[in-house]
Structure formats: C-alpha cells, structure tokens
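Engineer: According to numbering that gives the first Met the number 0, the sequence shown is numbered sequentially starting from 0. Positions of the beta carbon are idealized from the N, C-alpha and C atoms, including for glycine.
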Amino acid sequence: MNEIWSEAEKQFIRDTANHLTDEQGAVELTKTCGRIVTVDSWRKQRQKLGIKKKPGRGICEVVLDGSFD
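(1) Considering only C-alpha positions, which residue in the set C32, V62, R56, V38 is nearest to G49?
(2) Which class does K52 belong to by DSSP, given the choice of helix, strand or coil?
(3) Can you list, in chain order, the residues of its chain with a C-beta nearer than 6 Å to that of R38? Leave out the 5 residues immediately preceding and following it.
(4) Taking the straight line between their C-alpha atoms, what separation do you get for Q46 and E27?
(5) Mind checking which residues open and close the alpha helix (DSSP H) that includes I12?
Below, the structure is given as structure tokens:
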C-alpha cells in the first residue's frame, strides 16, 4: 500500500543519504518513524527527491553534479 511520506521523513532521507547505505537508511527510518520502511521504498523516495548515489556496493557517497567521477 502506498504511504504518504511526511516532510520530516523526506528531510531524514536528505540528511542521511550521504553517509548511510539504502539498507541502513531504511532500518534507521523504520526505528524513528514507527512504520516499516523497506529498502525499495527508501530508494524510490530518495530517487524522487533527486538524490543520486555513486554506483557500487556499499558506497554511500551522493553524486552532486550529475557525474560519477
């Protein structure tokens, strides 16, 4: 079922995407918001917010200028 994301949840993603993996972020948001947040829902919301991550397993860095270098 589709849940509406609160502004606080969106801000949490903005604030933590640079130093948490998608899996870690989903776990932390689940702890703080009191509802189950899956990795897929975290990732989809992060992408909707325009936050891109560098490719690779376990890499937490965010792409700032649209390049992957």
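Structural biologist: Short version:
(1) V62
(2) strand
(3) It is Val, not Arg, that sits at residue 38 in the sequence shown. D21, E22, A25.
(4) Those two C-alpha atoms are separated by around 18 Å.
(5) Its alpha helix (DSSP H) spans residues 6-15.
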